[in-house]
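Asker: Note that the numbering used here has the sequence shown beginning at 2, numbered continuously upward.
Got a structure here, written out as C-alpha cells. Questions coming.
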Amino acid sequence: MASPPVTTADIHSARLGDRDFRRLAELIEGYCGIRTPPIKRILVEGRLRRRLRALGFKGYDEYCDYLFHRNGLAEEITNLIDVITTNKTEFFREAQHFDILTGTVVPELLQAGIGRRRPLRVWSAGCSTGAEPYTLAMVLSDVAMVEPGFDFRILGTDICTDVLRTARRAVYPEEVIGPVPMPMRRRYLLRSRETERQEVRMGPEIRRRVSFRHLNFMAPAYGIVEPQDVVFCRNVLIYFERPTRQMVLERICQQIVPGGYLFVGHSEHLGDLTLPLRQAAPTVYVRV
Ligand SMILES: C[S@@+](CC[C@H](N)C(=O)[O-])C[C@H]1O[C@@H](n2cnc3c(N)ncnc32)[C@H](O)[C@@H]1O
C-alpha cells in the first residue's frame with residue numbers, strides 16, 4: 002500500500018534529534034566552515050524544513066538517512082548549503098567603508114598607477130545577492146566621472162547558488178534600493194517598464210563592471226588568477242571558528258597585492274589572527 006502523502010502538519014511537527022543535529026552540524030562545518038552550535042538547532046530545523054518539503058520527507062531522520070546512508074549527499078549538498086547560509090545584505094551597508102575606499106584607498110592606488118595603467122581589481126568575497134559588489138560599482142563609477150581614464154573590475158563570489166542567481170539577474174525590489182542616493186539611482190538604475198512591478202535593475206554600465214563566480218572559502222585553491230587590489234570580505238567570517246578564519250584569511254591575503262586593502266565587517270576583529278596585514282583604520286587592513 003502506498004504511504005499517505007506528507008502534509009505540512011507532518012513537517013511542522015517533525016523535530017531534529019540530537020544525533021542528526023550533530024551529524025548535520027559536522028557536515029556543514031566541514032563543507033563550508035559555518036559553525037552551527039547547539040543554540041542554533043531551532044534555526045537549522047526551520048531552514049531545513051524547506052528541503053523536507055521539497056523532497057517529500059516527513060521527518061529529519063528520513064532526510065539524514067537520505068544524506069548519510071542512501072548516497073543523497075552529492076545531489077543534496079548544494080541545496081542544503083543554500084538554505085543554511087545567512088545571506089543578509091544591503092546596498093551601502095556599513096557606508097563608511099565606501100567613503101574610505103573612494104576618499105583614501107582609490108586615490109592612493111591611483112597614484113601608483115593602479116586603475117590607469119591597468120584596471121583596479123576589487124573582490125567582494127561572500128557577495129550574497131549582489132548589493133555589495135553593485136554598491137562598489139556605483140561608487141567607483143562616480144570616481145570614474147571625475148578621474149578620466151580610471152578603469153575597474155569587480156568580482157563577486159559566494160558559495161550559495163541562490164544568491165548568485167539573484168546577483169547575476171541584478172533585479173531588486175524598490176524597497177531594497179532605499180539606501181542608494183537619489184543621484185546614483187538616476188545615473189545607474191533602470192526602472193521596470195511595468196509600473197505595477199516595483200522593481201529596478203542595475204544599468205548596463207554597472208553590470209558590465211561586475212562578474213560573479215561560485216566559490217567556497219574551504220576549497221583548497223580559489224582559482225582567482227589575477228591578484229586583487231581591494232577585497233571586501235564583510236560579515237562572512239563571523240560564522241567561522243578561529244582556525245577556519247585564520248586559514249580562509251591566509252588564502253585571501255595570498256590574493257591581495259602588497260599595498261592592497263582588505264575590508265572586514267564592523268563586528269569582525271582580526272586581532273587574534275596572525276596575518277600579513279597592517280591595520281589602516283578600524284576594520285580596514287593593508288596587505289604588507
Ligand atoms: C551575511 S552575508 C554578507 C554579504 C555581504 N558581504 C555583506 O556584508 O552585506 C554572508 C555571505 O557569505 C557566504 N558564505 C558563507 N560561507 C561561505 C563559504 N564557505 N564560502 C563562500 N561564501 C560563503 C554566504 O552564502 C552569504 O551570502
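Every residue gets a Cβ at the ideal spot worked out from N, C-alpha and C, and that includes glycine.
1. Flag Tyr262 as yes when its Cβ comes closer than 7 Å to any non-hydrogen atom of ligand 1, and as no otherwise.
2. Per DSSP, what kind of secondary structure is Ala145 in: helix, strand or coil?
3. May I ask whether a heavy atom of ligand 1 can be found less than 7 Å away from the beta carbon of Cys65?
4. What are the boundary residues of the beta strand (DSSP E) that includes Phe153?
5. Here's the rule I'm using: 16 or more other beta-carbon atoms within 10 Å means buried, otherwise exposed. How should Met139 be labelled?
6. Considering only heavy atoms of ligand 1, does any lie closer than 7 Å to the CB of Glu159?
7. Closest to Glu195 by CA distance: which of Leu278, Pro174 and Glu109 is it?
8. Report the CB separation of Arg210 from Ile155 in whole angstroms; it is logged as a contact under 8 Å.
9. Is it right to say Met146 is buried, meaning 16 or more other beta carbons lie within 10 angstroms of its own, or is it exposed?
10. Based on the DSSP output, what are the partners of Arg193 in its beta bridges?
11. Indicate, with yes or no, if ligand 1 has a heavy atom lying under 7 Å from the CB of Ser212.
12. Below 7 Å CB to CB, which residues in the same chain sit around Arg52 once its five sequence neighbours on both sides are set aside?
13. Taking the alpha carbon of Thr86 as the reference point, which residue from Val172, Thr130 and Arg117 has its own alpha carbon closest?
Answerer: The answer reads as follows:
1. On the sequence shown, position 261 is the one that residue 262 refers to. Outside the cutoff, so no.
2. Taking the sequence shown and counting its residues from 1, the one referred to as residue 145 is at position 144. Here Ala145 sits in helix by DSSP.
3. Counting from 1 along the sequence shown, the entry for residue 65 is found at position 64. No; taking the cut-off as 7 Å, the Cβ of Cys65 has no heavy atom of ligand 1 nearer than that.
4. To locate residue 153, count along the sequence shown from 1; it is residue 152. That run of the beta strand (DSSP E) goes Phe153 to Asp159.
5. For this step, residue 139 is matched to residue 138 along the sequence shown. It is buried - the Cβ of Met139 has at least 16 other Cβ atoms within 10 Å.
6. On the sequence shown, position 158 is the one that residue 159 refers to. Checking the displayed sequence, the identity of residue 159 turns out to be Asp instead of Glu. It does: the Cβ of Asp159 is within 7 Å (strictly closer) of some heavy atom of ligand 1.
7. Sequence index remark: in the sequence shown, residue 195 carries index 194 (1-based). The option with the nearest alpha carbon to Glu195 is Pro174.
8. Numbered from its first residue, the sequence shown carries residue 210 at position 209. Numbered from its first residue, the sequence shown carries residue 155 at position 154. With a Cβ gap of about 6 Å, Arg210 and Ile155 count as contacting.
9. Numbered from its first residue, the sequence shown carries residue 146 at position 145. Flag for Met146 reads exposed.
10. Looking up residue 193 in the sequence shown gives position 192. The sequence shown places Ser at residue 193, not Arg. DSSP, once it has assigned bridges, lists no residue as partnering Ser193.
11. Numbered from 1 along the sequence shown, position 211 holds the residue referred to as residue 212. Not under cutoff, so the answer is no.
12. For the purposes of this step, residue 52 is taken as residue 51 along the sequence shown, with counting starting at 1. Excluding sequence neighbours, Arg52 sits near Tyr64, Asn80, Leu81 and Val84.
13. To locate residue 86, count along the sequence shown from 1; it is residue 85. Checked all of Val172, Thr130 and Arg117; the closest Cα to Thr86 is Thr130.
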